[in-house]
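Undergrad: Next up is a structure, given as structure tokens.
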Amino acid sequence: MIHAKIYIVRDSNMTVWINPKTGNEILDTHGNPIRREIRPKSEGEELEKLIKKILVSISENNDKLLKEETLDPSDVPFWLNQKDLVFL
Numbered sequence: 001m002i003h004a005k006i007y008i009v010r011d012s013n014m015t016v017w018i019n020p021k022t023g024n025e026i027l028d029t030h031g032n033p034i035r036r037e038i039r040p041k042s043e044g045e046e047l048e049k050l051i052k053k054i055l056v057s058i059s060e061n062n063d064k065l066l067k068e069e070t071l072d073p074s075d076v077p078f079w080l081n082q083k084d085l086v087f088l
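Residues in the sequence shown are numbered from 1 upward in steps of one, following this note's numbering.
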């Protein structure tokens, strides 16, 4: 049994990204199936960003990429601002 976090299936015409937790296709933020081809040599950074976004977004209850939100740093409490935080 394969325990992958993402299934990427490709034939000669199309690439399909699947959420193995649901068996459904992974959708972009607009609800469209992701069809991006894998070209690690020419698009490595963009591919890495997409995979990270997918891993953060999908679950047993969600197949859709979460929308990125911009935070206003003036709303962040001072004590939180002093921490070393990493946001994807």
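C-beta atoms are modelled at their ideal positions from N, C-alpha and C, and glycine is treated no differently. None of the values given here were measured: they were computed from a predicted structure.
Kindly indicate which residue of I51, S57, K67 has the alpha-carbon position closest to the one of R39.
TA: Nearest option by C-alpha distance: I51.
Undergrad: Ends of the alpha helix (DSSP H) at I54?
TA: Per DSSP, I54 belongs to the alpha helix (DSSP H) from 40-57.
Undergrad: When you compare only the Cα positions, how much space is there between R10 and V16?
TA: The alpha-carbon atoms of R10 and V16 are separated by roughly 6 Å.
Undergrad: Evaluate N19 with the Cβ neighbour count: other Cβ atoms within 10 Å of its Cβ, from every protein chain shown; 16 or more gives buried, anything less gives exposed.
TA: By the neighbour-count rule (16 or more Cβ atoms within 10 Å), N19 is buried.
Undergrad: Expressed to the nearest angstrom, what Euclidean distance is found between the alpha-carbon atoms of K49 and N13?
TA: Distance between the alpha carbons of K49 and N13 is about 24 Å.
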